[in-house]
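Just so you know, the sequence shown maps onto residues 1 to 70 in our numbering.
Ideal placement from N, C-alpha and C gives every residue a C-beta, glycine not left out.
Just so you know, these numbers come straight off a predicted model, no measurement behind them.
Input: a single structure, listed below in structure tokens.
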Amino acid sequence: TLEVKDYWKGPEPDDKEFNNYDWWFFAREINTALGNILFYIKIRIETRGREQVICLSFHEADYPIDFPYK
């Protein structure tokens, strides 16, 4: 479950002109067998009959992230 403290930035408009989506960016430190790793998460909330969350990207963060609510 994502929490307010995991929020990084957004909403930001999609970079493709034909998509009318806003993207939200989060990051969360996850304890793995290799130690704690910061993961980057990019999602959008889309309505198709009901609200759905679409996750476009989930991977190890490429650089440090400055969390506004941590």
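By a C-beta neighbour count over all protein chains shown, 10 Å radius and 16 as the cutoff for buried, is residue i buried or exposed?
i: R50; result: exposed
i: A33; result: exposed
i: F26; result: buried
Would you kindly work out how many angstroms separate the C-alpha atoms of residue i and residue j, rounded to a whole number?
i: I30; j: R48; result: 31 Å
i: R44; j: E3; result: 15 Å
i: E60; j: P13; result: 23 Å
i: K5; j: N19; result: 28 Å
i: R28; j: Q52; result: 21 Å
Tell me where the beta strand (DSSP E) around residue i begins and ends.
i: I37; result: G35 to R48
i: F26; result: D22 to T32
i: P13; result: Y7 to P13
Pair every Cβ in the stretch 35-44 with every Cβ in the stretch 58-67, then say whether three or more of these pairs are closer than 8 Å. yes
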